[in-house]
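Heads up, the thing below is written out as C-alpha cells.
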Amino acid sequence: MNLRAGLIFLVLGFIGLLIVMGAASFVRWLKISYPLQYRTILVVLCLLLVGAGVWVYMEVKERPVFHAGDLMTLEEPVVARVIPADRHAPATSCIVEIYEHLSVVEVHSGTLKARVESNNRSGPSFCPVGADVQIELAWLNHFTLTYRH
C-alpha cells in the first residue's frame with residue numbers, strides 16, 4: 421500500500437470516528453432532553469434515513485443504460501467533439517441539431533461515443549452524417565433512447 425492510500429484511509433477513518441461520536445452524543449442528548457419520546461424520535465429518524473437511501477438508489481437506477489447500437493433521438497441541440505480519423509488532426513466541435521439521430525458506439529467514463537445518423541442542417545458548424553462524435557453524458561438532458569438489440 422502506498423503512502424497516498426494510507427493517508428486516505430486514515431482521513432476516512434477519522435471522519436467515520438467523528439460521525440460515530442456525533443451520533444452517540446446526539447442519542448445521549450435525546451435521552452436527556454426527551455426521556456419519554458427519544459425512542460420514537462430515533463425510530464422516525466432511522467426510517468427517514470432508510471427512505472432517503474432507497475430514494476437515492478431509485479434515482480441512480482433510473483439513469484439510462486446505453487448499449488452499442490442503440491438509437492438516440494435528441495430533443496435539444498448538443499455540441500459534440502468530432503473524433504478525427506487521423507490521430508494527429510486537431511479535434512473540432514460541431515452541433516447536433518434537435519430531433520437528429522445518433523447511434524451509440526460506446527460509453528466510457530462519462531463520455532458517449534456515437535455516430536451521426538441524420539442531420540438535416542448543412543454547414544461547417546453542424547455535424548456531417550456518418551461522423552463519429554463524443555458527447556459528455558452530463559450535457560445530455562433531453563433525449564429519447566431506442567434499444568436496438
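Per this note's numbering, the very first residue in the sequence shown carries number 421; after that it's consecutive.
Glycine included, each C-beta is placed from N, C-alpha and C at the ideal position.
{"Query": "Quick one: residues in its chain with C-beta nearer than 7 Å to the C-beta of V463, no 5 flanking neighbours on either side, listed in chain order?", "Result": "none"}
{"Query": "Please state whether the Cβ-Cβ distance between T493 and T564 is less than 8 Å.", "Result": "yes"}
{"Query": "Could you tell me which whole beta strand (DSSP E) segments of length 3 or greater appear in the region 500-567?", "Result": "512-516, 521-528, 531-536, 552-556, 563-566"}
{"Query": "With a Cβ-Cβ cutoff of 8 Å, do L491 and S523 count as a contact?", "Result": "yes"}
{"Query": "Taking the straight line between their C-alpha atoms, what separation do you get for V536 and V499?", "Result": "12 Å"}
{"Query": "Is DSSP giving L491 helix, strand or coil here?", "Result": "strand"}
{"Query": "Are the Cβ atoms of T531 and E496 separated by less than 8 Å?", "Result": "no"}
{"Query": "Counting along the chain, where does the alpha helix (DSSP H) carrying E479 start and finish?", "Result": "458-481"}
{"Query": "Going by the CB atoms, is the gap between C547 and V525 shorter than 8 Å?", "Result": "no"}
{"Query": "Look at the alpha carbon of Y477 and the alpha carbon of N540, and state the distance between them as a whole number of angstroms.", "Result": "39 Å"}
{"Query": "Which value, in whole angstroms, describes the spacing of the CA atoms of V440 and L456?", "Result": "23 Å"}
{"Query": "Could you tell me which of A558, D552, D506 sits nearest to S529, measuring between CA atoms?", "Result": "A558"}
{"Query": "In angstroms with no decimal places, state the Cα-to-Cα distance between Q554 and R501.", "Result": "5 Å"}
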